[in-house]
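Under the working numbering, the first residue of the sequence shown is numbered 642, with each subsequent residue one higher. The beta carbon of each residue, even a glycine, is placed where N, CA and C say it ideally should be. It should be emphasised that the depicted structure is a prediction, and the values quoted were computed from it without experimental measurement. Here's the structure we're looking at; comments come further down.
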Amino acid sequence: MKILTKIALTVATAISLAVGAQAQTTTFNWNFNDLDGIYDGGTPVNFSISALTAVNSTLLFNTTSPSNYTGASGGGNASVSAKSGALNLAKSTYFTFSLTPSASYAINSIAFSLGSRSTGSGPILLTLFSSTDGFATPLATTASPNDSSWNLCSFTFSNTGATNAPFEFRLYGSGGNSTSSN
């Protein structure tokens with residue numbers, strides 16, 4: 642099986658938690674060195690994070706092809722075999738996780754960074770959505786070269802969830818040219 646996309650989700654997802662006029666900024670990371678999708682950075686304050694999962698593909702964790710871009714963990718990776726073709730919200734492969742604020746808090750996310758490695762027939766476009774609008778409008782999109790090299794991909798946006806309500810992120814990979822799902 643040819644792995645099309647790997648993620649070293651050193652997800653430096655910067656979020657701001659607001660309650661009234663107060664706010665706190667938190668950055669959290671996954672490094673996958675323990676080869677699972679569970680958040681690696683201790684206990685977050687005033688919110689919780691679900692495990693990273695994948696939809697429309699099997700999520701694998703491994704230490705092959707360690708990430709090697711500046712700031713990467715260089716350890717474990719989360720990988721999927723992405724579906725080929727244009728972005729299709731029902732059929733394209735995506736990674737997903739949820740953030741749940743504590744009582745009386747809302748989450749305002751502002752940045753998302755990850756390492757991505759895509760093979761020659763793999764995805765060339767990464768698109769980030771959230772549940773705050775029912776996954777209707779992308780928060781951000783970035784190119785992901787399909788050159789089998791690790792690349793740092795970063796998104797900057799503004800996304801505010803409702804007070805006390807969890808919201809989900811979905812990161813889609815699309816644009817691969819394989820004739821079948823690899």
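Note on the segment 740–799: whole beta strand (DSSP E) runs with a minimum of 3 residues are 747–759, 766–771, 781–784, in chain order. Assignment of residue 673 by DSSP, reduced to helix, strand and coil, places it in the coil class.
Nearest Cα to residue 691 within the set 817, 670, 789: 670. With contacts defined by Cβ atoms closer than 8 Å, residue 764 and residue 723 form a contacting pair.
If you look at residue 813, you'll find it in the beta strand (DSSP E) that goes 808–815. For residue 718, the enclosing beta strand (DSSP E) stretches over residues 718–721.
Collapsing the DSSP output to three states places residue 735 in a strand. The Cβ neighbour count for residue 686, taken over all protein chains shown within 10 Å, is under 16; the residue is labelled exposed. Residue 795 is positioned such that its CB atom lies no closer than 8 Å to that of residue 756. Its chain contains 752 as the residues whose beta carbon lies nearer than 6 Å to that of residue 797, once the 5 sequence neighbours on both sides are disregarded; these appear in chain order.
Of the other Cβ atoms in all chains shown, fewer than 16 fall within 10 Å of the Cβ of residue 818; this residue is therefore exposed. Annotation for residue 690: the continuous beta strand (DSSP E) segment containing it runs 688–690. In this structure, residue 740 sits away from residue 702, with a CB-CB distance that is not shorter than 8 Å. Cβ contact annotation for residue 792 (same chain, cutoff 8 Å, sequence separation greater than five): 710, 756, 757, 758, 785, 786, in chain order. In the DSSP annotation of this structure, the continuous segment of the beta strand (DSSP E) that includes residue 703 starts and ends at 701–703. Boundaries of the beta strand (DSSP E) harbouring residue 695: 694–696, taken from the DSSP string. The criterion of a C-beta distance shorter than 8 Å is satisfied by residue 816 and residue 766.
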